[in-house]
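A.B. asks: The following block contains the structure, expressed as structure tokens.
Protein chains in written order, with my numbering: chain S, 1 to 225; chain F, 226 to 450.
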């Protein structure tokens, strides 16, 4: 547990699914922290100091030491505060959790994003197909578990918050069916469980402003066709 | 330590820097294993069975259970066999090792590859610049350490075997200067230390056939211009 003298801070952007991962992990652990909202159009000196390589959020700062990359931050948090483990204890289960988390970053996030926010029609279609194919793997993987982590939220659930909260927003904006109860019933049920889990619910940004923000982005993109 | 009844196997391709990472890790741990060379033009049933998601090498099999993704395999090996630790013991140092390993995959491997194996001249230039920028970060990071891991090889060194062995081959083929003693003296010295480290030396493929293989690939690509 963080002692009162500890410095724990998170640099994020409220609409970022990657910053949200870190918020969920900290909430699960019950760690208090200072949240610093960044403006990516005018990055703070702190962000440039703490993440000189990528200059991106999230950045996690613990007693003056900074870490970037959301999944790496989540593992650090899990190794630093032992309560409510996020990764399984067995090496093989840990490897699987890391595999599916990486899979979400490599195969789902980019494809789902480009399925909506791409002008080129063909590229949109290719990305929609890729996203669907990737979601099918996750539909098969969740099986009849409540969460990817089993009865409790684990690394894969945290990584997949993008699927549960952000995909429904962007698919509505782009008038696409990516995650629906018809196509992926198990994954859809899981997504409902996840967004209603207390640690997740309290970490998610409010839906309306995020929806409005992405809607404007989408309309600007469509206007540039 | 692996007992004699244990099944430890690696599905790889001799020219793959990713399979080589796993070989180095197993060598450092002194774990005996069965190596199965794959033909990616005609993938084995075993590969399709054990890596149905990506259908790629390396795949690591331990007592019937399979793991894919080279860095995830290396972490699994480190967690399963305790001798000669590959990751540092402190969470912050572990996070940094994971950060730089991911950086190599995200920023170095693809860019260096495309700097050579791309027909489009402009794309080649962009990728060359990106690769150089990424290597500069690593030049700054290695400082005066023998290895990224300090006195001993660690996760970042294993991830970076691509830089030490594969970049010199492909830059010669593409007539490019990426990793040279003039441009990146510290990284160059590190690369010499690394390829001559016994665990690495014994895990690397023979240079000549790899050079010949990539040379043919490069010439076929140039001919298709």
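Idealized CB from N, CA, C, for every residue including glycine. Computed from a predicted structure; not experimentally measured.
Contact criterion: CB-CB distance below 8 Å. Does residue 67 (chain S) meet it with respect to chain F?
C.D. replies: Taking the first residue of the first chain as position 1, residue 67 (chain S) is located at position 67. Yes, residue 67 (chain S) lies at the interface with chain F (some Cβ there is under 8 Å from its Cβ).
A.B. asks: Are any of the Cβ atoms in chain F nearer than 8 Å to that of residue 80 (chain S)?
C.D. replies: Taking the first residue of the first chain as position 1, residue 80 (chain S) is located at position 80. True, the Cβ-Cβ gap to chain F drops below 8 Å.
A.B. asks: Would you call the CB atoms of residue 132 (chain S) and residue 178 (chain S) closer than 8 Å?
C.D. replies: Along the first chain, read from residue 1 onward, the residue named residue 132 (chain S) stands at position 132. Along the first chain, read from residue 1 onward, the residue named residue 178 (chain S) stands at position 178. Yes, these two residues count as a Cβ contact at 8 Å.
A.B. asks: Which residue wins for smallest C-alpha separation from residue 220 (chain S), given the options S:157, S:174, S:190, S:47?
C.D. replies: As a first step, residue 220 (chain S) must be located in the first chain, where it is residue number 220. By alpha-carbon distance to residue 220 (chain S), the top candidate from S:157, S:174, S:190, S:47 is S:174.
A.B. asks: Is there a Cβ from chain F that is less than 8 Å from the Cβ of residue 91 (chain S)?
C.D. replies: Start at 1 with the first residue of the first chain, and residue 91 (chain S) comes out as number 91. Interface residue, yes.
A.B. asks: Let me know if residue 180 (chain S) comes out buried or exposed under the rule of 16 or more other beta-carbons within 10 Å of its beta-carbon.
C.D. replies: The sequence position of residue 180 (chain S) within the first chain is 180, counting from 1. With fewer than 16 Cβ atoms within 10 Å of its Cβ, residue 180 (chain S) is classed as exposed.
A.B. asks: What span of residues does the beta strand (DSSP E) with residue 374 (chain F) cover, start to end?
C.D. replies: By one-based count along the second chain, residue 374 (chain F) stands at place 149. Careful: residue 374 (chain F) lies outside any beta strand (DSSP E) and carries neither H nor E.
A.B. asks: If the cut is a Cβ gap below 9 Å, which residues of chain S does residue 455 (chain F) touch?
C.D. replies: Because chain F is modelled from 226 through 450, residue 455 (chain F) falls outside the range shown and cannot be assessed.
A.B. asks: Give the interface partners of residue 324 (chain F) over in chain S, defined as CB-CB distance under 9 Å, in chain order.
C.D. replies: Walking along the second chain from the start, residue 324 (chain F) turns up at place 99. Those within 9 Å of residue 324 (chain F) in chain S are 53, 67, 68, 69, 72.
A.B. asks: How would you label residue 237 (chain F), buried or exposed, when you count the other beta carbons within 10 angstroms and need 16 or more for buried?
C.D. replies: To locate residue 237 (chain F), count along the second chain from 1; it is residue 12. By the neighbour-count rule (16 or more Cβ atoms within 10 Å), residue 237 (chain F) is buried.
A.B. asks: Based on Cα-Cα distance, which residue from F:243, F:448, F:314 lies nearest to residue 334 (chain F)?
C.D. replies: Position 109 of the second chain, counting from 1, holds the residue named residue 334 (chain F). Of F:243, F:448, F:314, the residue nearest in Cα terms is F:243.
A.B. asks: Distance check for residue 78 (chain S) and residue 224 (chain S), CA to CA, integer angstroms please.
C.D. replies: Here residue 224 (chain S) refers to the residue found at position 224 when the first chain is read from its first residue. Here residue 78 (chain S) refers to the residue found at position 78 when the first chain is read from its first residue. Cα to Cα, residue 224 (chain S) sits roughly 44 Å from residue 78 (chain S).
A.B. asks: For a test of the three-state rule: what should DSSP assign to residue 259 (chain F), helix, strand or coil?
C.D. replies: To locate residue 259 (chain F), count along the second chain from 1; it is residue 34. Of the three classes helix, strand and coil, the one that applies to residue 259 (chain F) here is strand, per DSSP.
A.B. asks: Tell whether a beta-carbon distance below 8 Å holds between residue 292 (chain F) and residue 99 (chain S).
C.D. replies: Counting from one through the second chain, the residue named residue 292 (chain F) turns up at place 67. Counting from one through the first chain, the residue named residue 99 (chain S) turns up at place 99. Yes, the Cβ-Cβ distance between residue 292 (chain F) and residue 99 (chain S) is below 8 Å.
A.B. asks: Use the C-beta contact count for residue 171 (chain S): other C-beta atoms within 10 angstroms, 16 or more gives buried, fewer gives exposed.
C.D. replies: If you number the first chain from 1, residue 171 (chain S) lands on position 171. Residue 171 (chain S) should be labelled buried.
A.B. asks: DSSP state of residue 66 (chain S), grouped into three classes?
C.D. replies: As a working note, residue 66 (chain S) is residue 66 in the first chain. If DSSP states are grouped into helix, strand and coil, residue 66 (chain S) belongs with the strands.
A.B. asks: Taking DSSP as the reference, what is the three-state secondary structure of residue 238 (chain F)?
C.D. replies: Counting from 1 along the second chain, the entry for residue 238 (chain F) is found at position 13. Here residue 238 (chain F) sits in coil by DSSP.
A.B. asks: How is the alpha helix (DSSP H) around residue 328 (chain F) delimited, first residue to last?
C.D. replies: Within the second chain, the letter at position 103 stands for residue 328 (chain F). Note, residue 328 (chain F): alpha helix (DSSP H), 316-328.
A.B. asks: State the DSSP-derived secondary structure class of residue 117 (chain S), mapped to helix, strand or coil.
C.D. replies: Sequence index remark: in the first chain, residue 117 (chain S) carries index 117 (1-based). It is coil, neither helix nor strand.
A.B. asks: Decide if residue 368 (chain F) is buried, meaning its Cβ has at least 16 other Cβ atoms within 10 Å, or exposed.
C.D. replies: As a first step, residue 368 (chain F) must be located in the second chain, where it is residue number 143. Exposed, by the Cβ-count rule.
A.B. asks: Over what stretch of residues does the alpha helix (DSSP H) that includes residue 222 (chain S) continue unbroken?
C.D. replies: For the purposes of this step, residue 222 (chain S) is taken as residue 222 along the first chain, with counting starting at 1. Counting along the chain, the alpha helix (DSSP H) containing residue 222 (chain S) begins and ends at 207-223.
A.B. asks: Tell me residue 285 (chain F)'s beta-bridge partners as DSSP assigns them.
C.D. replies: One-based indexing of the second chain puts residue 285 (chain F) at position 60. According to DSSP, which records beta bridges pairwise, residue 285 (chain F) is partnered with F:235, F:292.
A.B. asks: Secondary structure at residue 192 (chain S), three-state DSSP: helix, strand or coil?
C.D. replies: Residue 192 (chain S) sits at position 192 when you count from the first residue of the first chain. In the structure shown, residue 192 (chain S) sits in a helix (DSSP, three-state: H, G or I).
A.B. asks: Are residue 252 (chain F) and residue 385 (chain F) closer than 8 Å when you measure CB to CB?
C.D. replies: Position 27 of the second chain, counted from the first residue, corresponds to residue 252 (chain F). Position 160 of the second chain, counted from the first residue, corresponds to residue 385 (chain F). A distance of 8 Å or more separates the beta carbons of residue 252 (chain F) and residue 385 (chain F).
A.B. asks: Need the endpoints of the alpha helix (DSSP H) that residue 163 (chain S) sits in, please.
C.D. replies: Taking the first residue of the first chain as 1, we reach residue 163 (chain S) at position 163. Neither: residue 163 (chain S) is in no alpha helix (DSSP H) and is coded neither H nor E.
A.B. asks: Here's the rule I'm using: 16 or more other beta-carbon atoms within 10 Å means buried, otherwise exposed. How should residue 75 (chain S) be labelled?
C.D. replies: Sequence index remark: in the first chain, residue 75 (chain S) carries index 75 (1-based). That one is buried.
A.B. asks: For residue 311 (chain F), name the three-state secondary structure that DSSP assigns.
C.D. replies: Start at 1 with the first residue of the second chain, and residue 311 (chain F) comes out as number 86. The answer is coil: DSSP assigns residue 311 (chain F) none of H, G, I, E or B.
A.B. asks: Within 8 Å (strictly less), CB to CB, does residue 94 (chain S) reach chain F?
C.D. replies: In the first chain, residue 94 (chain S) corresponds to position 94, counting from 1. Yes, its Cβ sits closer than 8 Å to a Cβ of chain F.
A.B. asks: For residue 373 (chain F) and chain S, any beta-carbon pair shorter than 8 Å?
C.D. replies: Within the second chain, numbered from 1, the residue matching residue 373 (chain F) stands at position 148. Not closer than 8 Å to any Cβ of chain S, the Cβ of residue 373 (chain F) fails to qualify, so no.
A.B. asks: Considering Cα atoms alone, identify which of S:24, S:189, S:119 is closest to residue 201 (chain S).
C.D. replies: Here residue 201 (chain S) corresponds to residue number 201 of the first chain, with the count starting at 1. Of the candidates S:24, S:189, S:119, the one whose C-alpha sits nearest the C-alpha of residue 201 (chain S) is S:24.
A.B. asks: So which of S:197, S:207, S:147, S:65 has the shortest CA-CA distance to residue 167 (chain S)?
C.D. replies: For the purposes of this step, residue 167 (chain S) is taken as residue 167 along the first chain, with counting starting at 1. Nearest neighbour of residue 167 (chain S) by Cα position, chosen from S:197, S:207, S:147, S:65, turns out to be S:207.
A.B. asks: For residue 425 (chain F), report the span of its alpha helix (DSSP H) as first-last.
C.D. replies: In the second chain, counting from the first residue as 1, residue 425 (chain F) sits at position 200. Taken as a continuous stretch (DSSP letters only), the alpha helix (DSSP H) holding residue 425 (chain F) covers 423-426.
A.B. asks: Distance, Cα to Cα, residue 45 (chain S) vs residue 56 (chain S)?
C.D. replies: Indexing the first chain from 1 puts residue 45 (chain S) at position 45. Indexing the first chain from 1 puts residue 56 (chain S) at position 56. Their Cα atoms are separated by approximately 12 Å.
A.B. asks: Let me know the secondary structure DSSP gives residue 26 (chain S) once reduced to three states.
C.D. replies: Along the first chain, one-based indexing puts residue 26 (chain S) at 26. Helix, per DSSP.
A.B. asks: Going along chain F in order, which residues have a C-beta closer than 8 Å to the C-beta of residue 162 (chain S)?
C.D. replies: In the first chain, the residue the question calls residue 162 (chain S) occupies position 162. What residue 162 (chain S) touches in chain F: nothing, since even the nearest Cβ is about 18 Å away.
A.B. asks: Have a look at residue 421 (chain F) and residue 428 (chain F) and give me their C-alpha separation to the nearest angstrom.
C.D. replies: Taking the first residue of the second chain as position 1, residue 421 (chain F) is located at position 196. Taking the first residue of the second chain as position 1, residue 428 (chain F) is located at position 203. Approximately 11 Å, taken between the alpha carbons.
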